[in-house]
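Trainee: Got a structure for you, written out below as structure tokens; questions coming shortly.
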Amino acid sequence: MKNTAFLKFHEALGAKIIPFAGFNMPVQYEGIMAEHEAVRKSVGVFDVSHMGEFWVKGPKALDFVQWVTSNDASKLVDGKVQYSCFPNEQGGIVDDLLVYRVDAETYLLVVNAANVDKDWAWCNKQNKMGATLYNASDEISQLAIQGPNALKAMQQLTPTKVTDMEYYTFKKLDFAGVKDVIFATTGYTGSGGCEVYMANEDAETIWNAVMEAGKEYGIKPIGLAARDTLRLEMGYCLYGNDINDTTSPIEAGLGWITKFTDTKDFVNKPYILKHKKEGTEKRLVGFELIDKGIARHDYEIVDASGNNIGKVTSGSMAPSLGIPIGMGYVKTQYAKEGSEIYVKVRDKALKAKVVKFPFYKG
Amino acid sequence: MKIPENLKYTKDHEWLRVEGNEAFVGITDFAQGELGDIVYIEVETVGETIGKEETFGTIEAVKTVSDMFMPVGGEVLEFNAALESNPELVNKDPYGEGWVIKIKITNPAEIDELLTPEKYSGLTVH
Chain B
0 MKNTAFLKFH EALGAKIIPF AGFNMPVQYE GIMAEHEAVR KSVGVFDVSH
50 MGEFWVKGPK ALDFVQWVTS NDASKLVDGK VQYSCFPNEQ GGIVDDLLVY
100 RVDAETYLLV VNAANVDKDW AWCNKQNKMG ATLYNASDEI SQLAIQGPNA
150 LKAMQQLTPT KVTDMEYYTF KKLDFAGVKD VIFATTGYTG SGGCEVYMAN
200 EDAETIWNAV MEAGKEYGIK PIGLAARDTL RLEMGYCLYG NDINDTTSPI
250 EAGLGWITKF TDTKDFVNKP YILKHKKEGT EKRLVGFELI DKGIARHDYE
300 IVDASGNNIG KVTSGSMAPS LGIPIGMGYV KTQYAKEGSE IYVKVRDKAL
350 KAKVVKFPFY KG
Chain A
0 MKIPENLKYT KDHEWLRVEG NEAFVGITDF AQGELGDIVY IEVETVGETI
50 GKEETFGTIE AVKTVSDMFM PVGGEVLEFN AALESNPELV NKDPYGEGWV
100 IKIKITNPAE IDELLTPEKY SGLTVH
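Chains as they are written, first to last, in numbering that gives the first Met the number 0: chain B, 0 to 361; chain A, 0 to 125.
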């Protein structure tokens with residue numbers, strides 16, 4: 000089991016620590032509801048150092064990124080970030096990721112912690128064009144500072160203007176006295192803020208500075224549990240739950256990050272294009288439970304007569320909405336907004352209706 | 000963590016407070032802490048007679064779901080109606096306002112099989 004550079008802070012703050020993706024990670028400090036609310040209303044800080052980081056460099060860098068990822072990386076400019084996925088050769092998804100363009104020959108891929116080894120092997124296997132790849136996952140720490148007051152609070156730590164940064168952009172800047180910190184206006188909560196990448200050696204300095212700068216806004220440390228409810232309220236996919244090696248980007252509703260332009264070829268493009276043109280048998284949808292209860296991962300979805308029509312991939316009470324929500328795959332004819340579906344919870348079929356993402360509209 | 004002296008406990012983290020041949024049942028302070036924020040409690044066994052260690056209901060927290068078991072066999076007389084709209088009472092006051100069911104005990108001898116506060120506290124050490 001690995002530890003992040005912030006573990007001692009989590010322990011001192013009384014976090015409940017669990018093993019997650021090979022790391023000892025804080026799942027909860029004060030309580031999910033309070034942590035969730037802190038992010039929605041003000042600011043919270045997440046240790047996301049378990050995420051993986053791969054550098055892609057050299058004259059073949061763009062060719063490589065274009066081939067392994069589904070989105071069109073040629074549209075990126077320096078300082079811009081893009082959400083994307085690695086399609087596999089069987090029609091599924093190896094992982095979802097963020098692509099950062101530093102310059103024309105330098106890209107940073109940020110991947111899920113649980114998939115670092117799989118992704119690294121996959122990228123190397125696909126690197127026929129000879130881009131320079133480097134796995135920096137063990138050297139980089141990452142904090143996500145999220146919430147409506149996050150940028151305002153973090154502005155105190157840097158001379159570079161960050162409060163006016165556009166969504167999904169990044170800058171290399173001096174932060175808390177540390178040089179060359181990557182400061183990105185990305186996140187997984189739907190409440191705005193930033194994600195900050197630093198060398199492990201600088202992690203302590205930056206943690207202390209972030210907590211100090213956030214003090215006047217009531218900054219709270221946030222665990223993995225609230226990270227999950229925050230992302231679920233936005234309908235953001237969680238790899239391993241909502242997408243995996245067998246779900247296609249099209250059925251997962253990730254057509255918007257799958258670009259079929261003539262200038263871009265990528266792994267398994269013809270098959271995924273067929274999915275896009277002919278439609279898929281199932282679709283990932285969001286739903287609200289109308290009956291009382293909570294839908295959870297792997298619960299069965301049925302129609303009014305009790306016939307199986309799909310499966311829940313994520314589910315929880317939505318703390319900001321006060322209602323139970325979920326995501327799941329259903330047969331395409333049930334994917335329309337307003338469709339009535341039922342979730343089997345302990346042998347009872349609870350009524351639910353399909354709704355549009357995001358659940359939480361701010 | 001609170002473990003009141005006047006209660007009996009199970010290894011599954013329920014408590015029992017005996018009042019004559021009736022008793023109140025709930026989950027312990029330790030259990031509510033492990034579950035985290037509780038959002039829904041389902042008890043549909045009122046009127047039924049259920050054996051010791053059998054399921055009488057389920058408790059849904061934001062992240063997890065857990066069954067609740069009878070500390071002793073008995074008839075479920077009442078479900079704490081306050082929990083319908085305020086399930087968080089179980090987090091706030093697990094031994095008081097957050098009680099879950101009231102039962103009529105079938106066999107009082109089963110009470111002696113439950114854990115004393117001292118024994119139970121041994122189960123909650125990590």
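Every residue, glycine too, gets a C-beta built ideally from N, C-alpha and C. Nothing here was measured: the structure is a model prediction, and the numbers come from that model.
For the beta strand (DSSP E) containing B:ARG282, list its first residue and its last residue.
Mentor: Note, B:ARG282: beta strand (DSSP E), 281–288.
Trainee: Inspect the beta-carbon positions of B:ALA183 and B:TYR235 and report whether they are closer than 9 Å.
Mentor: Not a contact, by the Cβ cut-off of 9 Å.
Trainee: With 7 Å as the C-beta to C-beta threshold (strictly closer), list the residues of the segment 61–86 of chain A near chain B in chain order.
Mentor: Under the 7 Å Cβ criterion, the segment 61–86 of chain A contributes VAL61, LYS62 and VAL64.
Trainee: Quick one, are the C-beta atoms of B:SER313 and B:THR279 less than 9 Å apart?
Mentor: Taking 9 Å as the Cβ cut-off, B:SER313 and B:THR279 do not qualify as a contacting pair.
Trainee: Is B:GLY239 closer than 9 Å to B:ALA113 when the C-beta atoms are compared?
Mentor: It is a contact, given that the beta carbons lie within the stated cut-off.
Trainee: Could you have a look at B:GLN125 and say whether DSSP puts it in helix, strand or coil?
Mentor: Note: B:GLN125 maps to helix in three-state DSSP.
Trainee: Where does B:MET0 sit, in a helix, a strand or coil, going by DSSP?
Mentor: B:MET0: coil per DSSP, three-state reduction.
Trainee: Would you say A:ILE110 and A:LYS10 are within 9 Å of each other, going by their C-beta atoms?
Mentor: Going by C-beta atoms, A:ILE110 is not nearer than 9 Å to A:LYS10.
Trainee: If the cut-off is 8 Å on Cβ atoms, which residues from the segment 11–45 of chain A count as contacting chain B, listed in chain order?
Mentor: Those residues of the segment 11–45 of chain A that come within reach of chain B (Cβ to Cβ, closer than 8 Å) are GLY35, ASP36, VAL38, TYR39 and GLU41.
Trainee: If we count the other Cβ atoms within 10 Å of its Cβ and call it buried at 16 or more, is B:ILE221 buried or exposed?
Mentor: Its Cβ being crowded by 16 or more others within 10 Å, B:ILE221 is buried.
Trainee: Between the Cα of A:ALA80 and the Cα atoms of A:GLU21, A:GLU43, A:LYS1 and A:ILE2, which residue gives the shortest distance?
Mentor: Selected option, being the one with the closest Cα: A:GLU43.
Trainee: Assuming B:ILE218 contacts B:VAL38 (C-beta within less than 8 Å), just tell me the rounded distance between them.
Mentor: Contact flag wrong, Cβ pair sits at about 10 Å.
Trainee: Checking contacts by CB at 9 Å: is B:ARG345 closer than that to chain A?
Mentor: Yes, B:ARG345 lies at the interface with chain A (some Cβ there is under 9 Å from its Cβ).
Trainee: What is the rounded straight-line gap between the Cα of B:THR331 and the Cα of B:ILE249?
Mentor: Roughly 12 Å between the two C-alpha positions.
Trainee: Should B:ILE300 be labelled buried (16 or more other beta-carbon atoms within 10 Å of its own) or exposed?
Mentor: The residue is buried, with at least 16 neighbouring Cβ atoms inside 10 Å.
Trainee: For B:MET153, is the classification buried or exposed, using 16 other Cβ atoms within 10 angstroms of its Cβ as the cut-off for buried?
Mentor: Result: buried.
Trainee: Exposed or buried, which one is B:PRO86 when buried takes at least 16 other CB atoms within 10 Å?
Mentor: The residue is buried, with at least 16 neighbouring Cβ atoms inside 10 Å.
Trainee: Can you name the start and end residues of the alpha helix (DSSP H) that A:SER120 belongs to?
Mentor: From DSSP, the alpha helix (DSSP H) with A:SER120 extends over 116–122.
Trainee: For B:ILE218, which residues in chain A fall below 8 Å Cβ to Cβ?
Mentor: Residues of chain A passing the Cβ test: none, with the nearest at roughly 20 Å.
Trainee: Contact between the segment 255–272 of chain B and the segment 301–310 of chain B: three or more CB pairs below 8 Å?
Mentor: Short answer: they don't touch.
Trainee: Please list, in chain order, the chain B residues whose beta carbon lies closer than 8 Å to that of A:THR57.
Mentor: ARG345, listed in chain order.
Trainee: Between the segment 156–173 of chain B and the segment 45–64 of chain B, can you find at least three pairs of beta-carbon atoms closer than 8 Å?
Mentor: No contact exists between the segment 45–64 of chain B and the segment 156–173 of chain B.
Trainee: For B:CYS236, list the residues DSSP reports as bridge partners.
Mentor: For B:CYS236, which the question treats as bridged, DSSP gives no partner whatsoever.
Trainee: Once you ignore the five residues that flank B:THR245 on each side, which residues in its own chain have a CB closer than 6 Å to its CB?
Mentor: Correct list, in chain order: GLY91.
Trainee: Mapping DSSP to helix, strand and coil, what is A:TRP98?
Mentor: Looking at A:TRP98 - three-state DSSP - the assignment turns out to be coil, as it is neither helix nor strand.
Trainee: Roughly how many whole angstroms lie between the Cα atoms of B:LYS268 and B:TYR133?
Mentor: Between B:LYS268 and B:TYR133, the C-alpha separation is close to 26 Å.
Trainee: What is the rounded straight-line gap between the Cα of A:ILE78 and the Cα of B:ALA212?
Mentor: The question names Ile, but residue 78 of chain A in the sequence shown is Phe. Distance between the alpha carbons of A:PHE78 and B:ALA212 is about 48 Å.
Trainee: If you follow the alpha helix (DSSP H) that B:MET24 is in, where does it begin and where does it stop?
Mentor: No alpha helix (DSSP H) holds B:MET24; the beta strand (DSSP E) holding it covers 22–27.
Trainee: Going by the CB atoms, is the gap between B:GLU287 and B:ALA348 shorter than 9 Å?
Mentor: It is not a contact, given that the beta carbons lie outside the stated cut-off.
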